[in-house]
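Colleague: Mapped onto our numbering, the consecutive letters of the sequence shown carry residue numbers 1149 to 1208.
Positions of the beta carbon are idealized from the N, C-alpha and C atoms, including for glycine.
This structure is a prediction, so every number in the text was calculated from the model and none was measured.
One structure follows; several queries about it will come next.
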Amino acid sequence: MQLGGVLSMPIPLIILLQHVFHNYYIGFIFFLVGVIIFLYQIVPYVFKLQDKDSMNEPLW
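Right, dumping it as structure tokens:
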């Protein structure tokens, strides 16, 4: 996965947070916390899944 793809994945989170929080700063803090969790918890798992050659493996 390219770096641009990794950085654009949390964009839906900021779209959701702008509807949840009326205060801009609180929403931005929650967005940053979500991005940090995303980058340190989810991205390595996604990279590990993509390291496997999934095109030649069955989906079951």
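(1) Taking the alpha helix (DSSP H) that residue 1160 belongs to, which residues open and close that run?
(2) How is the alpha helix (DSSP H) around residue 1174 delimited, first residue to last?
(3) Between which residues of its own chain and residue 1182 is the CB-CB distance below 7 Å, once the five residues before and five after are set aside?
Modeller: According to the data block:
(1) Position 12 of the sequence shown, counting from 1, holds the residue named residue 1160. Looking at the DSSP string, the run of the alpha helix (DSSP H) that includes residue 1160 is 1159–1168.
(2) Counting from one through the sequence shown, the residue named residue 1174 turns up at place 26. Taken as a continuous stretch (DSSP letters only), the alpha helix (DSSP H) holding residue 1174 covers 1172–1185.
(3) Taking the sequence shown and counting its residues from 1, one reaches residue 1182 at position 34. Excluding sequence neighbours, residue 1182 sits near 1158, 1161.
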